[in-house]
Amino acid sequence: MTFSNEAVLALSQGDYFGKGNAQLPSDQMLMIDEIDQLSKEGGRFNRGYLSAKFKIMPEHWFFACHFKGDPVMPGCLGLDALWQLLGVFLGWSGLPGKGRALGVGKVKFSGQIYPDAKEIQYQLDIKRIIKKPLAMGIADGVVLLNGEVIYQATDLKVGLLKPL
2 MTFSNEAVLA LSQGDYFGKG NAQLPSDQML MIDEIDQLSK EGGRFNRGYL
52 SAKFKIMPEH WFFACHFKGD PVMPGCLGLD ALWQLLGVFL GWSGLPGKGR
102 ALGVGKVKFS GQIYPDAKEI QYQLDIKRII KKPLAMGIAD GVVLLNGEVI
152 YQATDLKVGL LKPL
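Under the numbering used here, think of the first position of the sequence shown as 2, with each following residue one higher.
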């Protein structure tokens with residue numbers, strides 16, 4: 002399964018998986034342009050896999066303020082994108098509730114994203130899906146620049162909170 006840029010934008014509007022369920026952030030916090038692979042099979046743990054892309058443009062808001070005179074994409078935005086994608090996986094799997102990042106095991110940054118980067122890629126390997134008492138996904142993820150892993154995160158956790 003894939004999600005075009007139009008579908009990703011629809012995911013950020015909040016009704017794609019039904020009102021009150023998983024969605025992507027909108028506007029400036031949306032760190033994803035398209036999801037090019039999404040499967041409940043495969044990946045390192047054979048429990049699912051997700052791959053997505055984000056086009057880097059020099060005019061992105063974060064380059065103007067992080068850091069003045071030395072623009073670089075904040076590493077936390079790449080990490081947030083991995084959490085966002087895990088929430089999409091949970092919603093796509095049919096689990097109800099609004100996604101919330103619950104934690105991460107280890108994070109390693111070994112590269113930086115500058116305004117001339119063109120595009121980055123995200124990959125998630127699903128480790129576990131828990132359905133009760135709280136729907137939660139656990140995954141390992143990476144951010145790649147020019148095919149090289151520059152961010153690694155293990156045991157990303159996203160839970161789905163039921164609307165009140």
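Don't be surprised by glycine CBs; every beta carbon is placed ideally from N, CA and C.
Check, Outcome
"So, does the region 140-160 touch the region 58-70, judging by three or more C-beta pairs under 8 Å?", "no"
"Helix, strand or coil for residue 156? Go by DSSP, reduced to three states.", "strand"
"Look up residue 124 in the DSSP assignment and say whether it is helix, strand or coil.", "strand"
"Enumerated in chain order, which unbroken segments of the alpha helix (DSSP H) with a length of 4 residues or greater are wholly contained in the region 33-81?", "62-66"
"Among the residues of its own chain, which have a CB less than 8 Å from the CB of residue 161, if the five just before and after it don't count?", "22, 23, 88, 91, 92, 96, 97, 98, 99, 100, 101, 135, 136, 137"
"Measuring CA to CA, which of 31, 14, 52, 157 is closest to residue 78?", "31"
"Residue 106 to residue 154, Cα distance in whole Å?", "7 Å"
"In terms of DSSP beta bridges, what is residue 141 paired with?", "126"
"Buried or exposed for residue 74, going by 16 or more other Cβ atoms inside 10 Å?", "buried"
"Taking the C-alpha atoms as reference points, what is the distance between residue 85 and residue 26?", "8 Å"
"Quick check on DSSP: helix, strand or coil for residue 9?", "helix"
"Check the Cβ-Cβ distances between residue 82 and every residue of chain B, and say whether any is below 8 Å.", "Going by chain labels, chain B is absent from the structure shown, which holds only one protein chain."
"Tell me whether the beta-carbon of residue 35 lies closer than 8 Å to the beta-carbon of residue 4.", "yes"
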